[in-house]
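*Asks:* What follows is a structure written as C-alpha cells; I'll ask about it next.
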Ligand code: GCO
C-alpha cells in the first residue's frame, strides 16, 4: 500500500564539511589525524574535494529527485584566527547556499559539525570564553544566511561531549577504554547547551531561519529490571540535550542503531554477521524508537530527521535498511509526530572521522580522480522523494 508523506516534506542527504571538503588544515581533526596516525587514525587529506566540487554533488541530488541538502560550514575556515574573519570563505559558503537554491534544493545549514579551529583547542568548551567565541563566529555566519530556512547550531552535542570527555580522561592519565566505554561529559554538555541557547538567540535576531540542534539519538532500550539505570544513562546520553531544545523551532533526530541498557550500563553491540561496517547492530527500527523518545521528552515540536543511514559495502542492504527505517518513520507520522523531512546520511562515501572504510554514501567517489559514481540507492531514494511516498 502506498503511504504518502506530509506535503512539502524535505527529502535530502547530509554531509559535513570536514568529511568531504579536503584540506581543512586549520582544525582540531586535521591535527588529531597527524598526532594519532601511529594509532591507526587515517588522514582526511583531499577528502572528496567537495570544497571545489559541491555543485556536482548537489546536482547529483537534484537530478535524482531530491529537494534538500544538509551541509555544514567550517568554523576554522571562516575564523582562521581569533576574531579575524575570512570574507572569501564566507562568500564561498554563500555560493553553496545559492547553488543549492538554484538547483531546487532547500539548504539545511549546520554551523558546527564536530571540528574546531586549532586556536580554540586549548581548553575548548571549558574555557571561560568558549561560548563568547562561538557566538562571535555565529554572528558572522548569520551574515550569509539570508533566505535559509533551516539552521542547525551544533551537530550531535552529546557526541562532542563524549569526544571531549575522552580527551580529558586520557589527559588525566586514565587508560583508554574501548569504543562505547565513554559517556558524554556533563560539564562539557552544559557548556554546549549554553553555546546552543546563545546561538539560537543570535540566529533568531539576525535571520528568518528556523533554528535548532541535532542530537545523536541512541534508541536505548531497558533490559528487564534495569529501568532506573536506563533512565540515568538516557539522561546523560541524550535527554539533557533534548530538554535543552525546548522552545527551539525544531529538533534534529539522528539515528542509526539501538542498544540495550542493563544494570551496568549500555551493553556493547554483540558480534553478529548482520552488524554494519561500524560494528553496530542492524536496527532499522531504531529511527522509530528515536522519534518516539524525542516526542516523549519534547512533546509536539517539528522534527527533522537530519541523519539516518548505514555503513555497508552492499548497496542492496542500504536500500533494505532505509526502506525499513522509512516504514518505521511513517508509523510515527501516522501516530501524530510532526516530521518535516528525512535527510539521509550520507550523500557520499566520506571520511568517517579517522577511517575511510565505513561507507555510508548513496554515491561512491574515486579518491584519486574524485569521480562520483552514483549507487542504485541514489535513484531508489530519489524516486521516493519524487513520489513523496513509500
Ligand atoms: C555523527 C556525525 C556524522 C557521522 C555519522 C556516522 O553522527 O557522528 O554526525 O558525521 O559520520 O553519524 O557515524
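Numbering (the working numbering), first residue to last: 764 to 1153.
By construction, the Cβ of each residue, glycine as well, lies at the ideal position given by its N, Cα and C atoms.
CA-CA distance, residue 990 and residue 1051?
*Replies:* 20 Å
*Asks:* Please report how far the alpha carbon of residue 875 lies from the alpha carbon of residue 1152, in whole angstroms.
*Replies:* 32 Å
*Asks:* CB of residue 772 to nearest heavy atom of the ligand GDP: below 7 Å?
*Replies:* No copy of the ligand GDP appears in this structure; the ligands present are the ligand GCO.
*Asks:* Below 7 Å CB to CB, which residues in the same chain sit around residue 1092 once its five sequence neighbours on both sides are set aside?
*Replies:* 1050, 1051, 1054, 1068, 1102, 1105
*Asks:* Comparing the CB of residue 790 with every heavy atom of the ligand GCO, is any distance shorter than 7 Å?
*Replies:* Not so, every heavy atom of the ligand GCO lies at least 7 Å from the Cβ.
*Asks:* If you draw a straight line from the alpha carbon of residue 908 to that of residue 831, how long is it in whole angstroms?
*Replies:* 16 Å
*Asks:* Put residue 973 into one of helix, strand or coil per three-state DSSP.
*Replies:* Residue 973 carries a strand assignment under DSSP once its states are collapsed to helix, strand and coil.
*Asks:* Distance, Cα to Cα, residue 778 vs residue 985?
*Replies:* 32 Å
*Asks:* Using 10 angstroms around the beta-carbon of residue 786, count the other beta-carbons present and answer buried if the total reaches 16, otherwise exposed.
*Replies:* exposed
*Asks:* Is residue 997 a contact residue of the ligand GCO, with contact defined as CB to any heavy atom under 7 Å?
*Replies:* no
*Asks:* Please state the DSSP three-state secondary structure of residue 1017.
*Replies:* strand
*Asks:* Quick one: what's got a C-beta closer than 8 Å to residue 899's C-beta in the same chain, skipping five residues either side?
*Replies:* Taking C-beta separations shorter than 8 Å and ignoring five residues to either side along the sequence, the partners of residue 899 in its chain run 842, 846, following chain order.
*Asks:* Which ranges does the beta strand (DSSP E) cover as unbroken runs of at least 3 residues, wholly within the segment 1080-1149, from first to last along the chain?
*Replies:* 1102-1108, 1126-1128, 1135-1137
*Asks:* Which runs of the beta strand (DSSP E) fall wholly inside the segment 769-840 and span at least 3 residues, in chain order?
*Replies:* 773-777, 831-835
*Asks:* Expressed to the nearest angstrom, what Euclidean distance is found between the alpha-carbon atoms of residue 993 and residue 1005?
*Replies:* Residue 993 and residue 1005 have their C-alpha atoms roughly 16 Å apart.
*Asks:* Skipping 5 residues on each side, what residues in its chain have a beta carbon closer than 7 Å to that of residue 929?
*Replies:* 945
*Asks:* For residue 884, collect the residues of the same chain with a Cβ closer than 6 Å to its Cβ; drop the 5 residues on either side in sequence, then sort them by chain order.
*Replies:* Sequence-distant partners of residue 884 (beyond 5 residues in either direction) whose C-beta falls short of 6 Å from its own C-beta, in its chain, are 791.
*Asks:* Hey, would you say the C-beta of residue 979 is under 7 Å away from at least one heavy atom of the ligand GCO?
*Replies:* yes
*Asks:* Which partner residues of residue 844 appear in the DSSP bridge assignment?
*Replies:* 847
*Asks:* Hey, is residue 1123 close to the ligand GCO, as in C-beta under 7 Å from one of its heavy atoms?
*Replies:* yes
*Asks:* By the 10 Å Cβ neighbour count, where 16 or more other Cβ atoms means buried, how is residue 802 classified, buried or exposed?
*Replies:* Under this definition residue 802 is an exposed residue.
*Asks:* Answer yes or no: the CB of residue 1152 versus the heavy atoms of the ligand GCO, is any distance below 7 Å?
*Replies:* no
*Asks:* Hey, quick one: how far does the alpha helix (DSSP H) through residue 1026 stretch, first residue to last?
*Replies:* It is not in any alpha helix (DSSP H) - residue 1026 carries neither H nor E in the DSSP assignment.
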